[in-house]
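Working notes for the structure below.
Number of protein chains: 2
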Amino acid sequence: MNTIVPLLQVEETDHAEASIYERIRDDIIQGRLAANERLKVAELAERMGTSTNPVREALQQLRGEGFVVMMPNRGARVRPIDETFVRDIFEIEVLIEPALTRWFVGLATKADLERLEELQGQMEALNFADPHAHSKLDMTFHQVMYDRHYNRHAVDLWWRHREILSAISRNFQTSLSRQTSVLNEHRELLRCIAAQDADGAARIIAQHVEGSGRHIIEHLRLIKNRRDSGRRS
Amino acid sequence: MNTIVPLLQVEETDHAEASIYERIRDDIIQGRLAANERLKVAELAERMGTSTNPVREALQQLRGEGFVVMMPNRGARVRPIDETFVRDIFEIEVLIEPALTRWFVGLATKADLERLEELQGQMEALNFADPHAHSKLDMTFHQVMYDRHYNRHAVDLWWRHREILSAISRNFQTSLSRQTSVLNEHRELLRCIAAQDADGAARIIAQHVEGSGRHIIEHLRLIKNRRDSGRRS
DNA sequence: TGTTGACAAATAATGTACGATCTGAAAGTT
DNA sequence: AACTTTCAGATCGTACATTATTTGTCAACA
Chain E
0 MNTIVPLLQV
10 EETDHAEASI
20 YERIRDDIIQ
30 GRLAANERLK
40 VAELAERMGT
50 STNPVREALQ
60 QLRGEGFVVM
70 MPNRGARVRP
80 IDETFVRDIF
90 EIEVLIEPAL
100 TRWFVGLATK
110 ADLERLEELQ
120 GQMEALNFAD
130 PHAHSKLDMT
140 FHQVMYDRHY
150 NRHAVDLWWR
160 HREILSAISR
170 NFQTSLSRQT
180 SVLNEHRELL
190 RCIAAQDADG
200 AARIIAQHVE
210 GSGRHIIEHL
220 RLIKNRRDSG
230 RRS
Chain C
0 MNTIVPLLQV
10 EETDHAEASI
20 YERIRDDIIQ
30 GRLAANERLK
40 VAELAERMGT
50 STNPVREALQ
60 QLRGEGFVVM
70 MPNRGARVRP
80 IDETFVRDIF
90 EIEVLIEPAL
100 TRWFVGLATK
110 ADLERLEELQ
120 GQMEALNFAD
130 PHAHSKLDMT
140 FHQVMYDRHY
150 NRHAVDLWWR
160 HREILSAISR
170 NFQTSLSRQT
180 SVLNEHRELL
190 RCIAAQDADG
200 AARIIAQHVE
210 GSGRHIIEHL
220 RLIKNRRDSG
230 RRS
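In order, the protein sequence lines correspond to chains E and C.
Be aware that the first sequence starts at 0, since it is given in numbering that gives the first Met the number 0, and climbs by one per residue.
Be aware that the second sequence starts at 0, since it is given in numbering that gives the first Met the number 0, and climbs by one per residue.
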């Protein structure tokens with residue numbers, strides 16, 4: 000038997016009892032732990048209700064995954080997610096997502112298409128009123144496409160990137176122009192899938208990812224500028 | 000100041016004294032720890048001359064990086080690098096490496112080209128007599144191209160993949176047909192770089208990576224078949 | 001005789017406690 | 001003002017306790 004071992008051992012968010020690892024990871028992704036924030040083991044251990052050792056191990060794992068940065072004898076910090084970092088991720092996504100999409104087009108069933116259209120409908124109905132809800136829908140939309148891909152490694156990579164990015168974008172409103180682009184791109188994508196146009200779909204996705212990246216980076220710049228000028232005054 | 004934080008905190012192989020993490024990682028990559036081998040903390044701790052805690056943390060970090068697989072209450076194992084896994088990695092590399100190469104073409108200096116030609120010359124002189132030496136040269140060859148890329152995230156990904164792959168290919172001889180392909184592809188690549196043909200270079204690299212992947216996978220299959228039939232007899 | 005299942009002992013992972021060591025900043029000195 | 005000392009706070013390493021899993025034994029049974 001060939002058991003599939005996920006590259007990242009991310010357990011399903013078990014609502015019963017999350018591991019220390021999951022809880023810290025979630026705190027980072029959900030923004031409860033700010034970028035660059037110091038992560039003191041004793042503090043976390045107390046909050047989690049355990050001793051320090053499990054926390055230390057969780058932090059090491061997170062370090063391996065890139066969520067946390069550590070310096071010898073100086074502890075751990077939440078990885079600062081700056082402009083450079085986001086750009087790097089998006090550049091990789093621009094390469095990977097079209098490939099995943101292309102594969103999906105050749106395999107999509109009628110049910111898949113209907114599911115996507117349903118999600119798209121919900122997004123249009125919501126019309127960006129609730130950023131959090133939209134982000135979730137959008138994530139599901141893409142997940143439907145990539146979830147069954149045989150290359151788990153690539154999908155894991157995508158998912159990890161996606162989580163980081165949605166952690167940032169949760170904090171600001173989508174601009175009007177970006178809103179229309181997102182909906183248009185999704186619609187066009189659906190058309191390509193229905194028409195079995197893999198190249199077209201891949202092209203749209205590349206454009207979609209790139210646009211999304213640009214949008215986020217511009218926001219980051221805005222925030223940074225505001226902060227910097229605030230500091231000067 | 001914008002300090003660059005590497006995604007993977009892989010320190011240079013400090014010859015003074017390697018960390019536990021580095022030593023275990025090296026043991027895996029160099030094949031001293033076999034695929035799927037059980038990693039007992041107490042055992043490793045003794046071998047490293049420390050207590051168990053540092054080992055546990057190193058294993059967690061390696062887990063985060065995907066070198067080690069862990070199951071609750073059942074310890075850690077060296078990630079089995081099977082056909083699927085290799086294919087997944089190569090599929091990603093086929094996407095990333097051409098992009099990195101394209102960038103390099105637009106930035107390569109005369110010195111770069113000379114360095115590459117020198118390495119290529121050494122490889123041709125060696126002519127696959129020493130697989131280990133060739134692997135090292137080949138790695139350096141590609142590293143020269145990617146090392147200065149601004150997208151550290153992508154380069155780290157490439158490097159990590161590369162290390163895993165060269166750990167496998169160390170164990171078998173390169174076929175004659177693959178040997179000629181490798182040298183030809185490198186030569187053609189050099190020509191494209193000299194001619195500032197980014198598209199051509201990207202195409203060659205894609206072909207190069209794909210060929211390399213196919214070659215490794217075929218070898219893995221061969222080994223697997225031999226093992227299976229040996230088990231049957 | 002060979003197989004199965006319950007139980008016990010050994011083995012190893014996981015969690016807790018604590019001391020040693022390092023860092024960074026405040027207080028003190030020249 | 002610059003340099004040193006001191007010290008609280010935090011990391012890192014060691015030892016040990018607890019809990020889970022694996023292994024081995026032996027009796028019951030076909």
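For each residue, glycine too, the CB sits at the ideal point set by N, CA and C.
Ser174 (chain C) sits exposed, since fewer than 16 C-beta atoms from the chains shown fall within 10 Å of its C-beta.
Within the region 64 to 88 of chain E, the residues whose Cβ lies closer than 8 angstroms to any Cβ of chain C are, in chain order, Glu64, Gly65, Val68, Met69, Arg78, Pro79, Asp81, Thr83, Phe84, Arg86, Asp87, Ile88. Checking the DSSP bridge columns, you'll see Val67 (chain E) partnered with E:Val77.
For a Cβ distance threshold of 7 angstroms, residue set Gln59, Gln60, Arg62, Gly63 of chain C lies close to Gln60 (chain E), ordered along the chain. Spanning the alpha carbons of Val68 (chain C) and Val77 (chain C) requires a straight line of approximately 6 angstroms. Within the same chain, Glu184 come within 8 angstroms of Gln206 (chain E) by CB-CB distance, once the 5 residues on both sides are set aside. Within 9 angstroms of the CB of Arg101 (chain E), no CB atom of chain C is found; the nearest one sits about 11 angstroms away. Against chain E, the beta carbon of His141 (chain C) has no neighbour under 8 angstroms; the closest one sits roughly 17 angstroms away. Judged by DSSP in its simplified three-state form, Arg177 (chain E) adopts helix. The DSSP-derived three-state label of Leu188 (chain E) is helix.
For a cut-off of 8 angstroms, the C-beta gap from Thr49 (chain C) to Ile27 (chain C) is around 18 angstroms, too long to register as a contact. Close partners of Asn150 (chain C) in chain E (Cβ separation under 7 angstroms): Asp87, Glu90. As computed with DSSP, Arg37 (chain C) is found in a beta bridge with C:Arg76.
Between the alpha carbons of Glu209 (chain E) and Ala128 (chain E) lies a distance of about 23 angstroms. Taken atom to atom, the span from the alpha-carbon of Glu64 (chain C) to that of Gln119 (chain C) is near 32 angstroms. Taking a beta-carbon distance threshold of 8 angstroms, Ile192 (chain C) does not count as an interface residue toward chain E. Shortest Cα-Cα distance from Arg220 (chain C) to any of C:Arg22, C:Ile80, C:Trp158 involves C:Ile80. Cβ contact annotation for Ala200 (chain E) (same chain, cutoff 7 angstroms, sequence separation greater than five): Thr100, Arg101, Val104, Leu188, Cys191, Ile192, in chain order.
Not a single C-beta of chain E is nearer than 8 angstroms to the C-beta of Glu209 (chain C). Put simply, the CB of Asn52 (chain C) is near chain E, with a gap under 8 angstroms to one of its CB atoms. Per DSSP, the unbroken alpha helix (DSSP H) holding Gln142 (chain E) starts and ends at 130 to 145.
According to the DSSP assignment, Thr83 (chain C) belongs to the alpha helix (DSSP H) that extends over 82 to 104.
Identification of chain C residues near Leu94 (chain E) by a Cβ-Cβ cut-off of 9 angstroms yields Ile91, Leu94, Ile95, Pro97, Ala98, Ala153, ordered along the chain. In this structure, C:Ile167 is the residue among C:Ile167, C:Gln59, C:Gln195 with its C-alpha nearest to the C-alpha of Glu217 (chain C).
Close to Glu21 (chain C), with beta-carbon spacing below 8 angstroms, lies no residue of chain E; the smallest spacing is near 13 angstroms. With 16 or more other Cβ atoms inside 10 Å of its own Cβ, Leu94 (chain C) counts as buried. With contacts defined by Cβ atoms closer than 8 angstroms, Leu115 (chain C) and Phe84 (chain C) do not form a contacting pair.
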